[in-house]
Structure formats: C-alpha cells, structure tokens
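To start, the structure under review is shown below, and the notes come after it.
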Amino acid sequence: MSDIAVRASNVAKRFRIGERTGGYDLLSERIARTLRRPGQRRRQREFWALEDVDFEVRRGESFGIVGHNGAGKSTLLKILSRVTPPTRGEIDLYGRVGALLEVGTGFHPELTGAENIYLNGAILGLRRSEVARRFDEIVEFAEVQQFIDTPVKRYSSGMFLRLAFAVAAHLEPEILIVDEVLSVGDLAFQEKCLGRMQTVTGEGRTVLFVSHNLAAVDQLCERAMLLERGRKVFEGSTGDVIERYVRSVRRLASVDLARREDRTGSGRLRFQGLSIQVGGENVDTPATGQDVELLLDYATADGRPLRNANMAITVLTPLGELMLHLYTVTRGEILRELPPTGTVRCSIPRLPLPPGQYLLNVWCDVGGEILDWVQSAVELTVVEGDFYGAGQTPQQSHRTVLIDYDWAVDSARSGVG
Amino acid sequence: MTDATAHQPQHVRIRPPRRWSGLGVRDLWEYRELAYFLAKRDVQVRYKQTALGALWAIAQPLVLTFIFALILGRVVSIETGGLPYFLVALTGVTVWTFVSSATTGAAGSLVADANLLSKVYFPRLLLPLAKVTALLVDAVIAVVLMVVIAAAWGHPPELATLTLPLFLLLAFVATVAIGILASTVNVRYRDVMAVMPLAVLIWMFITPVAYPGSLISETWQLIYAINPVATAINGVRFAVLGTEAPALDQIAISIGVTLVLLVSGVIAFRRNEAEFADVI
Numbered sequence: 003m004s005d006i007a008v009r010a011s012n013v014a015k016r017f018r019i020g021e022r023t024g025g026y027d028l029l030s031e032r033i034a035r036t037l038r039r040p041g042q043r044r045r046q047r048e049f050w051a052l053e054d055v056d057f058e059v060r061r062g063e064s065f066g067i068v069g070h071n072g073a074g075k076s077t078l079l080k081i082l083s084r085v086t087p088p089t090r091g092e093i094d095l096y097g098r099v100g101a102l103l104e105v106g107t108g109f110h111p112e113l114t115g116a117e118n119i120y121l122n123g124a125i126l127g128l129r130r131s132e133v134a135r136r137f138d139e140i141v142e143f144a145e146v147q148q149f150i151d152t153p154v155k156r157y158s159s160g161m162f163l164r165l166a167f168a169v170a171a172h173l174e175p176e177i178l179i180v181d182e183v184l185s186v187g188d189l190a191f192q193e194k195c196l197g198r199m200q201t202v203t204g205e206g207r208t209v210l211f212v213s214h215n216l217a218a219v220d221q222l223c224e225r226a227m228l229l230e231r232g233r234k235v236f237e238g239s240t241g242d243v244i245e246r247y248v249r250s251v252r253r254l255a256s257v258d259l260a261r262r263e264d265r266t267g268s269g270r271l272r273f274q275g276l277s278i279q280v281g282g283e284n285v286d287t288p289a290t291g292q293d294v295e296l297l298l299d300y301a302t303a304d305g306r307p308l309r310n311a312n313m314a315i316t317v318l319t320p321l322g323e324l325m326l327h328l329y330t331v332t333r334g335e336i337l338r339e340l341p342p343t344g345t346v347r348c349s350i351p352r353l354p355l356p357p358g359q360y361l362l363n364v365w366c367d368v369g370g371e372i373l374d375w376v377q378s379a380v381e382l383t384v385v386e387g388d389f390y391g392a393g394q395t396p397q398q399s400h401r402t403v404l405i406d407y408d409w410a411v412d413s414a415r416s417g418v419g
Numbered sequence: 092m093t094d095a096t097a098h099q100p101q102h103v104r105i106r107p108p109r110r111w112s113g114l115g116v117r118d119l120w121e122y123r124e125l126a127y128f129l130a131k132r133d134v135q136v137r138y139k140q141t142a143l144g145a146l147w148a149i150a151q152p153l154v155l156t157f158i159f160a161l162i163l164g165r166v167v168s169i170e171t172g173g174l175p176y177f178l179v180a181l182t183g184v185t186v187w188t189f190v191s192s193a194t195t196g197a198a199g200s201l202v203a204d205a206n207l208l209s210k211v212y213f214p215r216l217l218l219p220l221a222k223v224t225a226l227l228v229d230a231v232i233a234v235v236l237m238v239v240i241a242a243a244w245g246h247p248p249e250l251a252t253l254t255l256p257l258f259l260l261l262a263f264v265a266t267v268a269i270g271i272l273a274s275t276v277n278v279r280y281r282d283v284m285a286v287m288p289l290a291v292l293i294w295m296f297i298t299p300v301a302y303p304g305s306l307i308s309e310t311w312q313l314i315y316a317i318n319p320v321a322t323a324i325n326g327v328r329f330a331v332l333g334t335e336a337p338a339l340d341q342i343a344i345s346i347g348v349t350l351v352l353l354v355s356g357v358i359a360f361r362r363n364e365a366e367f368a369d370v371i
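Those protein sequences? They're chains A and B, same order as listed.
Just so we're aligned: the first sequence equals residues 3 to 419 in this note's numbering.
Just so we're aligned: the second sequence equals residues 92 to 371 in this note's numbering.
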C-alpha cells in the first residue's frame, strides 16, 4: 500500500458568473430573453478559481493550505470534500475522508441536542451505531449534559458551537479536512479543539488544514503550500510558507487602497485610502503610546449620502492573530449620515500596540449588508515609544497590547506584625 | 477505526463530471441512514411546530373534504352515481393532499437545504426523496383514516381493496418523479417555486379530486389518463368505494407516463447534480 493519502494533479475549477449575483437564474427572464433575441446565448463571465494545482500529502502528515481571501483555498476544500467537482484534473484520496467545512452545518434549531447529534452524525458520515457508542463522549466534550433534551434554538451560541464541533471531532476519519473551525468558541474551547486536532495527527491520521490564523497552521502542520489567485506559488516547510505569505501580504498592503481588487462586499461604499496621523500630521510609523488617529477616506458608489453605516478597523499581527477590533457598533456609535465622499476618523489615545509590524483590515456594513471589506488594507509599523511615561520602552512582543496598571507595596497590611 | 464507518470506499478518485455517471444506486444505499435522519428531521420538526401534532396529518385532508362536501356536494350537487359525495371527495383529497404537498416539498428541497448541499457531500437525490418520504408518514395515517371512514359509511374492505396499494404506489411514483424533475429545475431557475402553487392548483382541476372521474366524457378518457394521479384516484375509488375500475389501457398509459417522467427526472437530476453546489 502506498504511503500517499492525497494526490492532486492539475486540479482546476472554472466558475461562470451570470448577470445576476447568484449562480441561479429566473425562468421568466430566460424565456423573455429567448423571445427577444432567439438563438443568442447569455453572456457569461468566466473565472478560474483554481488553476493546475498539484500536491501530495503523505499518510499521517498534516498539511496546511495558506492564502489570501479569494486565493482558491475554499474552492480546493470543496473539491476535496466532493461538494463540487473540478473542471479539470484529478484527485486521489486513499482513506476515509471527513470534512469540517463549517461547524453546525445541518443543525436544526427545532430539534433537541440529542436529535441533532444523530442527524449531524449521519450528515458527517457516521453510522447510527457509531454515534450511539460515542454519544456520552460527545455530550461530555461539548459540556451540554443538562441541555441535551432541549431544542438547540434555546442554546447559547457558545453551547451550539461546542456541540457542533464535538460531533465533528468524534468523526475519526483517516483524512480530516478542516476549514477555520478553530476560530469558533471561547479561548478555552479553542485550545481544546486544537488539542483534539493534535491528537488526531498524533494517531497517524492525515489532516488538511486551512486557516487565516497562521499561528495555528504553524502549530499544527509540518508542511504547507501557498495559493495565490488560484495557483500554487510555493510549497515547503510551514515556516518557509508563512514567511512567503507574510511577504506577499506586505506587498499587497503596499498597493493603494483605492486600487485594490481583492475586496468583498456590495461596493455601495468603497474605501479610498487609510492614513495615520499624530497631532494632525501624517506619519508612517507612529510610536507606542502616541495619540494616534486613523483616517479612512471613502466614496459612495452612487454619489449619494449613506445612512446608518457601521465601520471597523481590525489590527492583526502578520501571522493573522487578532490584536484590536475597533468597531463603531461595539463603541455604541452609528455613523448616521455619511456624505457621498469624506473621511472617517478613528482616534486611539495612547496607542497600546508594542513596537512591530501589523496589518489593518477595514470594514463597512449597513444593517447586515457588507459594503466593503479589505483585508490587509495597509501595513502599520509601530516604533518604540514610552507608553507609560516612565522612560522605558516595552519589548516587542506580538501577543499582547499594553494597558494601564500600577504596582505598589503596602508596608504593613492587617494581620502582619 | 476499521468498523462500519466507511461511507466512502477506501479509495476515491475525484474527477470532472461526466455526462452520465449511472444512477448512483450504490451511493444512495450507502447513505440510507442519512435519508432516514433527514426524513425523520422533517417529520419531527413538522410535528413539533404544531400543537395538533400527528392530528395535523388528518386535519388537513378532512378540512378540505368538508369544504368540498359543503360547496360541491350541497350547493352545486355533483353527480356521483349514488355514492355519498363526502366519500368521493375524501378519497380524492386523501391522495391529492400527499401528491400536492410532496411535489411542492420535493421541488423546494434542494434550495431549502442549500446550506447542507454546499458544505457536505452526499447523494443529492436524498433530499427530494427524504422530503417525499417524510410526507408519506402523514399519507399513511390519512389512508388508514380514509379506509375506516369508508367502512363506517357502508363500504367495508372487499377483494377489490387489495388493489389499493397498487394505485397508491402509482401516485407515489408519479409524485417522486415530478418532485425530482421540479427540484432540478428549481435550482437553476429560482422562480419555479413561485409558479409551483399555481401549477399545482391547475393540476388539481384536471385531476378528479373533487369530482368522480366518470364525469369526464368517453372521448377524453385516454387523454385524461396521461395524468397518472387521475388514474390513481380513480383506482383508489374502485378499491375503496367499488366504483368502476380504470380501464387497462388507461392504466397502461398512466404507468408509461410515470416511468417516462421518472427516468427523465432522474437523468436530468444526475446530469445537473454536480453543479448544484455552484449554482445554488
């Protein structure tokens, strides 16, 4: 028996984009079109989400897939999990495949926790007898013992996610395909999931892992590949791949925000630029502890004012670890009326970021509709500064932000002496 | 884990879709438990959402029968050949309730579970099949009630009643066939679901739901049999109420049409199946 678990050769996927946003169509429209211009075919744009991707994963290996949004990671995972077929190419999978594309898929709110465990088990490929055997284990892992006969619509979102992951975590396939599941739940549960995944690889199973969180990829995978615009641009040790990725993100972030094509959202508003000011002057590299203002230039598509918009700036480390999430909603503010073009200002008194490199995502939504979302919109370099006014500069460390605190010594507390 | 988990064989080769990849019966069989749980989910959810629970299964056809009996039986007074109009309507409505709800449900089944369809692999035929199966539970209850009421009204089961399952099977297969066909079209053309209620209503009028099939003139009987549900309902009335049996040529036409619908439905479904996740 060969020691290859996954072999993909020349995998390519083409999508057709119709005139409407979705892939589907309206029969009435089609008929009307045919009547108006018989014989003429509908104009369709095509794009290749994946082009000639090759890779091999050995049995028992954990393999990371890294790339920007729209690089083709999700498409590749959908092909691997047989949700959608490739347009060209072939993939051989040796061993039983379990895919975790999104936790909670197939859960029904009206059904109880127990009923959902069985339904979800069947969806993910477990036999009823297997679910029955692991039932107690699943319930225990999810920590929902008391609520197992309650409809999941009454669950908190945390409970729901725990239950959903618990079922998936007990799949025990030979090849496990994981997409971003680690980004759910609270921190303690994330650690538990990561631990579970490490056990899975330790048991000699093959794992294909996709995540924006490069730290998690680094922790879990020995080898990885980097996808860019549907092509494999690099493959190698996870460390090398991450280095390449970080470099390419920086290159991307240096592109003028107005000209960036890799954005998500309806486009009713588009960010035009992001600049950093200290004391009213543009700066490239603010220092830790300075009063910083982030200025977001935008323009609406129709040249009309926009009502009730929410905006966010997210600060991440180059490895994709979240540092700050600055959202108007969290702050209790709504941008009631934005003029057709303008600038939104986000003030951060005493910048709490230690010196280092950061990436900023920018986001705008109105009532659930994403208008514009650019990931890695700009790179931010923070230089050393005196946050505490104590003549000391904090060490560069990417895992924390700075907060105010004090130390004091009480010479004689009660009970002493 | 070497136990029976394996839905998939040990080696799977993923390839671009071919024009025809067989019926996929073995795949369906592998996933039979998922079909069971999907159908069970539908039944559970439906019964949980109504205080009437399983009573809903009989309330729906009964209410419709009463309305027909009131308007068509009393006010219009349809010729029934001496049979109580209520029984004529009850037999028609019992079959029709299943046919209409199951075809509509199956038509929307892929779109309703779009989330599942775009995230997990399984034979997509399971979705319309599970939807029809879930409604079969209601149908069985309604059929038992129909037989009991007919017996109480002076039409106890006779030898002819043995043919009842055959005519119900005809209606069932026709429903499955049309459901599969409609679900395929509905993925691509989303306004099909909007037209569905009107189409089903028109279909009801060309089906002897509220009137006996004998009202249709002799010259039209064979054309009428193109609608398999018409023959099925005529057959159910023969089996339960002892009316005249549908002619053999009518039955043959209905079975033929049903099989053509079934085969073309499955072919259309299988040909488009691979793209469902991209289009939906």
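Where a beta carbon is used, it is the ideal one built from N, C-alpha and C, also for glycine.
Just so you know, these numbers come straight off a predicted model, no measurement behind them.
Residue i, DSSP secondary structure in three states
| i | result |
| --- | --- |
| Gly197/A | helix |
| Val257/A | coil |
| Thr156/B | helix |
| Pro153/A | strand |
| Asp56/A | strand |
| Arg233/A | strand |
| Tyr138/B | helix |
| Gly100/A | strand |
| Ala321/B | helix |
| Thr96/B | Any reading at Thr96/B must be qualified, since the residue scores a pLDDT of 44, below 50, and its modelled position is unreliable; the value itself is stated next. Residue state, collapsed to three classes: coil. |
| Ala124/A | helix |
| Ser209/B | coil |
| Asn215/A | coil |
| Val8/A | strand |
| Ala226/A | strand |
| Tyr407/A | coil |
| Val300/B | coil |
| Gln389/A | Here residue 389/A turns out to be Phe, not Gln, going by the sequence shown. Here Phe389/A sits in coil by DSSP. |
Cutoff 9 Å: residue i Cβ touching any chain B Cβ
| i | result |
| --- | --- |
| Phe17/A | yes |
| Pro88/A | yes |
| Arg60/A | no |
| Ala217/A | no |
| Thr451/A | Because chain A here runs from 3 to 419, residue 451/A falls outside it and cannot be looked at. |
| Ala124/A | yes |
Proximity of residue i and residue j at Cβ, strictly below 9 Å
| i | j | result |
| --- | --- | --- |
| Leu228/A | Val376/A | no |
| Ile169/B | Leu306/B | yes |
| Leu298/A | Arg262/A | no |
| Asp94/A | Arg60/A | no |
| Glu224/A | Phe65/A | yes |
| Val300/B | Val186/B | yes |
| Ile177/A | Leu216/A | no |
| Leu196/A | Leu222/A | yes |
| Leu404/A | Leu326/A | no |
| Val231/B | Leu126/A | no |
Interface flag, residue i vs chain A, CB-CB below 9 Å
| i | result |
| --- | --- |
| Ile105/B | yes |
| Val134/B | no |
| Val116/B | no |
Rounded straight-line distance, which links the Cα of residue j to that of residue i
| i | j | result |
| --- | --- | --- |
| Trp50/A | Val134/B | 42 Å |
| Ala251/B | Gln148/A | 55 Å |
| Thr23/A | Arg279/B | At Thr23/A the pLDDT is 45, less than 50, meaning the model places this residue with poor confidence and gives no usable figure here. |
| Ala203/B | Tyr407/A | 53 Å |
| Arg18/A | Thr89/A | 11 Å |
| Val136/B | Arg361/B | 29 Å |
| Leu328/A | Ala410/A | 32 Å |
| Ala97/B | Thr171/B | Caution applies to Ala97/B, whose pLDDT of 42 falls short of 50 and renders its modelled position unreliable; the value that the coordinates give is listed next. Cα to Cα, the separation comes out at about 57 Å. |
| Thr266/B | Val190/B | 6 Å |
| Gly232/A | Gly74/A | 5 Å |
| Arg252/A | Ala168/A | 37 Å |
| Glu309/B | Lys80/A | 57 Å |
| Trp365/A | Gln359/A | 20 Å |
| Tyr138/B | Arg328/B | 29 Å |
Below-9 Å beta-carbon distance, residue i vs any chain C residue
| i | result |
| --- | --- |
| Lys234/A | Of the protein chains in the structure, A and B, none is chain C. |
May I ask you to list, following chain order, the residues of the region 205 to 225 of chain B that have a beta carbon less than 9 Å from some beta carbon of chain A? Asn206, Leu207, Leu208, Ser209, Lys210, Val211, Tyr212, Phe213
Using a Cβ-Cβ cut-off of less than 7 Å, give me the residues of the region 281 to 292 of chain B that come near chain A, in sequence order. Arg281, Asp282, Val283
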